[in-house]
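**Student:**
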Amino acid sequence: MAVHRMRERFDPLELTVFAQGVAMLAEEMGTLLERTSISPNIRERRDASCAVFDGMGRMVAQAAHIPVHLGAMPEAVAAVRACGAVAGDVFLLNDPSHGGSHLPDLTMVEAVPHPDDATRIIGYTAVRAHHADVGGMSPGSMPYGATELFQEGLIVPPVRLERQGIPQDDVLRLVLANVRTPAEREGDLRAQRAACAAGARGWQALLVRMGEDTLAAAVDALLDYTERRVRARLRALDGVKGTARDVLEGDGVTEAHIPIVVSLRVHDETLHLDLTGTSGAVRGNVNAPPAVARAAAVFVLRVLCDDDVPVNDGVARALDLLIPDDCIANAKRPSAVAAGNVELSQRLTDVIFAALANAGNATIPASGQGTMNNVTLGAPGWTFYETLGGGQGASMRGRGPDAVHVGMSNTRNTPIESLERAYPLRVLEYAVRRGSGGAGQHRGGDGVVRRYQTLVPCTATLLTERREVQPAGAHNGSAGTCGRNSLNDQRLPAKTRVAMNAGDVLSIETPGGGGWGAQA
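The sequence shown lines up with residues 8 to 527 when you count with my numbering.
(1) In three-state DSSP terms, what is residue 17?
(2) Output the distance between the C-alpha atoms of residue 35 and residue 526, rounded to the nearest integer angstrom.
(3) Exposed or buried, which one is residue 20 when buried takes at least 16 other CB atoms within 10 Å?
(4) Do the region 171 to 180 and the region 87 to 95 touch if we need at least three Cβ pairs shorter than 8 Å?
(5) Please tell me whether residue 417 and residue 74 are closer than 8 Å, where the distance is taken between their beta carbons.
(6) Can you tell me where the beta strand (DSSP E) holding residue 393 begins and where it ends?
(7) Roughly how many angstroms separate the alpha carbons of residue 40 and residue 192, rounded to a whole number?
(8) Classify residue 232 as helix, strand or coil using the three-state DSSP reduction.
(9) Can you list, in chain order, the residues of its chain with a C-beta nearer than 8 Å to that of residue 178? Leave out the 5 residues immediately preceding and following it.
(10) Whole beta strand (DSSP E) runs in the region 244 to 307 with 3 or more residues, listed along the chain?
(11) Should residue 444 be labelled buried (16 or more other beta-carbon atoms within 10 Å of its own) or exposed?
(12) Assign residue 466 to one of two classes, buried (16 or more other C-beta atoms within 10 Å of its C-beta) or exposed (fewer than that).
(13) Anyone know if the C-beta pair for residue 330 and residue 287 falls short of 8 Å?
(14) Can you give the beta carbon distance from residue 79 to residue 33, rounded, assuming they're within the 8 Å contact cut?
(15) If the criterion is Cβ atoms closer than 8 Å, does the pair residue 451 and residue 522 meet it?
(16) Among 493, 238, 477 and 492, which has the Cα closest to the Cα of residue 486?
(17) The alpha helix (DSSP H) spanning residue 189 covers which residue range?
(18) Please state whether DSSP places residue 525 in a helix, a strand or coil.
(19) Would residue 378 pass as a contact of residue 472 if the rule is Cβ separation under 8 Å?
(20) Return the chain-ordered list of same chain residues with a C-beta closer than 8 Å to the C-beta of residue 504, the five sequence neighbours on each side being excluded.
(21) What residues are listed by DSSP as bridge partners for residue 4?
(22) Using alpha carbons as the reference points, say which of 276, 253, 390 and 421 lies closest to residue 308.
(23) How far does the alpha helix (DSSP H) with residue 427 in it reach, from first residue to last?
(24) Which of the three DSSP states is assigned to residue 103 in this structure?
(25) Quick one: grab the DSSP three-state call for residue 54.
(26) Starting from residue 365, follow the beta strand (DSSP E) in both directions and report where the run begins and ends.
(27) Residues in the same chain with beta-carbon distance under 7 Å from residue 260, minus the five sequence neighbours each way, listed in chain order, please.
(28) Measuring alpha carbon to alpha carbon, tell me which residue in 248, 265, 43 and 27 is nearest residue 256.
(29) Specify, as a first and last residue, the run of the alpha helix (DSSP H) that residue 321 falls within.
(30) At the level of alpha carbons, what is the spacing between residue 282 and residue 269?
(31) If you follow the beta strand (DSSP E) that residue 181 is in, where does it begin and where does it stop?
(32) How should residue 315 be labelled, buried or exposed, when 16 other C-beta atoms within 10 angstroms of its C-beta is the threshold for buried?
(33) Out of 394, 388, 368 and 367, state which residue places its alpha-carbon closest to the alpha-carbon of residue 380.
(34) Whole angstroms are fine: how far does the CA of residue 457 sit from the CA of residue 396?
(35) Can you name the start and end residues of the beta strand (DSSP E) that residue 438 belongs to?
(36) To the nearest angstrom, how far is it from the Cα of residue 211 to the Cα of residue 235?
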């Protein structure tokens, strides 16, 4: 391999080309994952995320996938490194205590070997994908009423699927023996493996083309550049202080509202967030590990910046996050966490944005729907999971978009044709929920209506929010309309599990976004 002299400086054009190049590695991983996966949840909804890390475990680039996945994946790579990974190892994990978020999100990490020295690690590729079932007390592994992590599915600490390139089939057999749909799970895991391998080949090719020293210097320069851009944005907000409070609508064990509180200040080019005042850990499964709170904070920080700011470890350098020891966002084993990853992450995002708005930042939009509207249907032999879009909040720039995934979710819908081909279900209606967005100078986006009819007996599990507390408007705009769940036109709680008979109809009406500004 040719010897390259180390570069200490890169001009803006060179750095932009490099940033786009490594971002495309992650995007190509995602494209391969989508084309080779089995389940509609990954293939169609794209409920998965890909990222590339350097040899020190720093995230260099991520694809434009799921914010709650990507903000937490550095913890997964750190957990793999702590296990003594060697070049050629491939790990699988979902344990919230060791880099996971919630159990259905299986994360695969490959330790990329040097192309000329197979004993040296030059980087890591990582793919996190939501699997439609990983065992546990109910089909789909997003259970209602779980009070312990053990009830939610198979717990996988960082374990080797491959040891220096040699498959460890006993580990794979153990995983597949504990899920309801092993063939689908195996297909999706093999798709994740292919995506990791594609990223590894791309990173190795980049090293060969640039040289090891130049690549390392380019990574340093890119992360430093990102940090400078983020801190420059925060410099304009220096001295800003704000506090906001909101609630989760129960935890699946009790319907009592759960307070979420954030105090915010910008000082010394750093965003300081303090969750003191937020509820302690609860019995139900809306708890989440600290990585999820970090993901929400990183997402908000990135949204504050211009669109051309890269997303990598440089963003988090400008963040200081304080989470009390006893906190719903600091889950400890054996706390249940299935809904925390999807619903607490949304509420944390809402509250951080609200704290910025309360500090006088007029650019912050009204609240979006504030929930992922988790729907799980299943019976022996099949499980179906999806999240649903709703209304985005309006802003000073205009109306909120209709029928979109907001905040920490960035998935697509499951196409009706794919859903009906794969499962014993029919979709009787899928439409924009007209008029559900809040009124204002700029109206909030509308939610959606989705009605499922089951052709066989099954169970339905719902983990939703904003069924009682409306998404707030901004600058005297009106709040969005709450969501509504029903079975055969009988109203259901925000979080529930129900038995469905053949012919029953489950209806989900998702919330609208808040309006912005007083209506003329």
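Note that the Cβ used here is the ideal one computed from N, Cα and C, for glycine as well.
**Tutor:** Taking the coordinates as given:
(1) Taking the first residue of the sequence shown as position 1, residue 17 is located at position 10. In the three-state DSSP reduction, residue 17 falls in the coil class, being neither helix nor strand.
(2) Along the sequence shown, one-based indexing puts residue 35 at 28. Along the sequence shown, one-based indexing puts residue 526 at 519. Spanning the two alpha carbons is a distance of roughly 45 Å.
(3) Here residue 20 corresponds to residue number 13 of the sequence shown, with the count starting at 1. So residue 20 counts as exposed.
(4) yes
(5) Counting from one through the sequence shown, the residue named residue 417 turns up at place 410. Counting from one through the sequence shown, the residue named residue 74 turns up at place 67. Yes, the Cβ-Cβ distance between residue 417 and residue 74 is below 8 Å.
(6) As a working mapping, residue 393 is identified with position 386 in the sequence shown. From DSSP, the beta strand (DSSP E) with residue 393 extends over 389 to 393.
(7) Along the sequence shown, one-based indexing puts residue 40 at 33. Along the sequence shown, one-based indexing puts residue 192 at 185. Answer to the nearest angstrom: the Cα atoms are 13 Å apart.
(8) Here the question's residue 232 lines up with position 225 in the sequence shown. In this structure, residue 232 counts as helix in the three-state DSSP scheme.
(9) Along the sequence shown, one-based indexing puts residue 178 at 171. Closer than 8 Å at Cβ, skipping near neighbours: 99, 166, 167 and 168.
(10) If one requires a minimum length of 3 residues, the beta strand (DSSP E) runs lying completely within the region 244 to 307 are 248 to 256, 264 to 274 and 277 to 281, in chain order.
(11) For the purposes of this step, residue 444 is taken as residue 437 along the sequence shown, with counting starting at 1. Residue 444 should be labelled buried.
(12) Taking the first residue of the sequence shown as 1, we reach residue 466 at position 459. The residue is buried, with at least 16 neighbouring Cβ atoms inside 10 Å.
(13) The sequence position of residue 330 within the sequence shown is 323, counting from 1. The sequence position of residue 287 within the sequence shown is 280, counting from 1. Contact flag unset, no.
(14) One-based indexing of the sequence shown puts residue 79 at position 72. One-based indexing of the sequence shown puts residue 33 at position 26. Not quite, the Cβ-Cβ distance comes to about 16 Å (not below 8 Å), so this is no contact.
(15) Within the sequence shown, residue 451 is the residue found at index 444, counting from 1. Within the sequence shown, residue 522 is the residue found at index 515, counting from 1. Cβ atoms of residue 451 and residue 522: closer than 8 Å.
(16) For the purposes of this step, residue 486 is taken as the residue at position 479 of the sequence shown. Looking at the Cα atoms, 477 is the closest of the given residues.
(17) Numbered from 1 along the sequence shown, position 182 holds the residue referred to as residue 189. Element bounds for residue 189: 189 to 217.
(18) As a working note, residue 525 is residue 518 in the sequence shown. Reduced to three states, the DSSP call for residue 525 is coil.
(19) Here residue 378 refers to the residue found at position 371 when the sequence shown is read from its first residue. Here residue 472 refers to the residue found at position 465 when the sequence shown is read from its first residue. Closer than 8 Å, so yes.
(20) Walking along the sequence shown from the start, residue 504 turns up at place 497. Contacts found: 145, 150, 151, 152, 466, 467, 468 and 469.
(21) It is not possible to answer for residue 4, since the shown part of the chain is limited to 8 through 527.
(22) Residue mapping note: residue 308 aligns to position 301 of the sequence shown, counting from 1. Residue nearest to residue 308 within the set 276, 253, 390 and 421 is 276 (criterion: CA-CA distance).
(23) By one-based count along the sequence shown, residue 427 stands at place 420. From DSSP, the alpha helix (DSSP H) with residue 427 extends over 423 to 429.
(24) On the sequence shown, residue 103 is found 96 positions in, with the first residue counted as 1. Residue 103: helix per DSSP, three-state reduction.
(25) Mapped onto the sequence shown, residue 54 falls at position 47. Correct three-state label for residue 54: coil.
(26) In the sequence shown, residue 365 corresponds to position 358, counting from 1. Segment 352 to 365 is the alpha helix (DSSP H) holding residue 365; no beta strand (DSSP E) there.
(27) In the sequence shown, counting from the first residue as 1, residue 260 sits at position 253. Hits under 7 Å: 152, 154, 290 and 291.
(28) Numbered from 1 along the sequence shown, position 249 holds the residue referred to as residue 256. It is 265.
(29) For the purposes of this step, residue 321 is taken as the residue at position 314 of the sequence shown. Unbroken alpha helix (DSSP H) run through residue 321: 320 to 323.
(30) Here the question's residue 282 lines up with position 275 in the sequence shown. Here the question's residue 269 lines up with position 262 in the sequence shown. So the two alpha carbons sit approximately 5 Å from each other.
(31) If you number the sequence shown from 1, residue 181 lands on position 174. Where residue 181 is concerned, there is no enclosing beta strand (DSSP E), although the alpha helix (DSSP H) it sits in stretches over 176 to 183.
(32) Position 308 of the sequence shown, counting from 1, holds the residue named residue 315. Exposed is the call here.
(33) The residue you call residue 380 lines up with position 373 of the sequence shown. Closest option to residue 380, Cα to Cα, is 394.
(34) Here the question's residue 396 lines up with position 389 in the sequence shown. Here the question's residue 457 lines up with position 450 in the sequence shown. Approximately 10 Å between the Cα atoms of the pair.
(35) Reading the sequence shown from its first residue, position 431 is the one you call residue 438. Element bounds for residue 438: 432 to 440.
(36) The residue given as residue 211 occupies position 204 in the sequence shown. The residue given as residue 235 occupies position 228 in the sequence shown. Straight through space, the alpha carbons of residue 235 and residue 211 are spaced by roughly 28 Å.
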